[in-house]
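K.L.:
Residue numbers (my numbering): 1 to 92. Note that CB positions come from ideal geometry on N, CA and C, so glycine has one too. This is the structure I have questions about; it appears just below.
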């Protein structure tokens with residue numbers, strides 16, 4: 001895939017996350033410090049409204065694949081919003 005396709009998939013992921021009150025942090029791990037290259041941290045603002053996990057994971061998978069990243073080198077974690085998160089909270 002080319003850059004335009006990856007950007008379009010990112011926009012899809014961003015729109016889904018924003019609509020569903022989710023923030024996604026994507027961090028690249030320093031080589032050799034962990035068994036993963038990328039970590040996607042999904043933070044849910046309202047614990048009573050968990051977005052569809054299959055859809056969210058599929059959107060992340062599509063974006064990762066478009067960026068030529070091996071999904072086996074990625075970790076996806078999820079948690080609820082904490083008070084300490086309010087300083088940076090902004091859906092995707």
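(1) Below 8 Å on the Cβ atoms is my guess for residue 37 versus residue 28; work out the distance and round it to an integer in Å.
(2) Is it right to say residue 17 is buried, meaning 16 or more other beta carbons lie within 10 angstroms of its own, or is it exposed?
(3) With distances taken from CA atoms, which of 22, 9, 60 and 5 is nearest residue 70?
(4) Spell out the partners DSSP gives residue 80 in its beta bridges.
(5) Look at residue 45 and residue 81 and say whether their C-beta atoms are less than 8 Å apart.
P.N.:
On the basis of the supplied data:
(1) Here the question's residue 37 lines up with position 37 in the chain shown. Here the question's residue 28 lines up with position 28 in the chain shown. At roughly 7 Å, the Cβ-Cβ gap stays under 8 Å, so residue 37 and residue 28 are in contact.
(2) Residue mapping note: residue 17 aligns to position 17 of the chain shown, counting from 1. Residue 17 comes out buried.
(3) By 1-based counting over the chain shown, the position of residue 70 is 70. Among 22, 9, 60 and 5, the Cα nearest to that of residue 70 is on 60.
(4) Here residue 80 refers to the residue found at position 80 when the chain shown is read from its first residue. The partner list for residue 80 (beta bridge, DSSP) reads 44.
(5) Position 45 of the chain shown, counted from the start, is the residue given in the question as residue 45. Position 81 of the chain shown, counted from the start, is the residue given in the question as residue 81. Going by C-beta atoms, residue 45 is nearer than 8 Å to residue 81.
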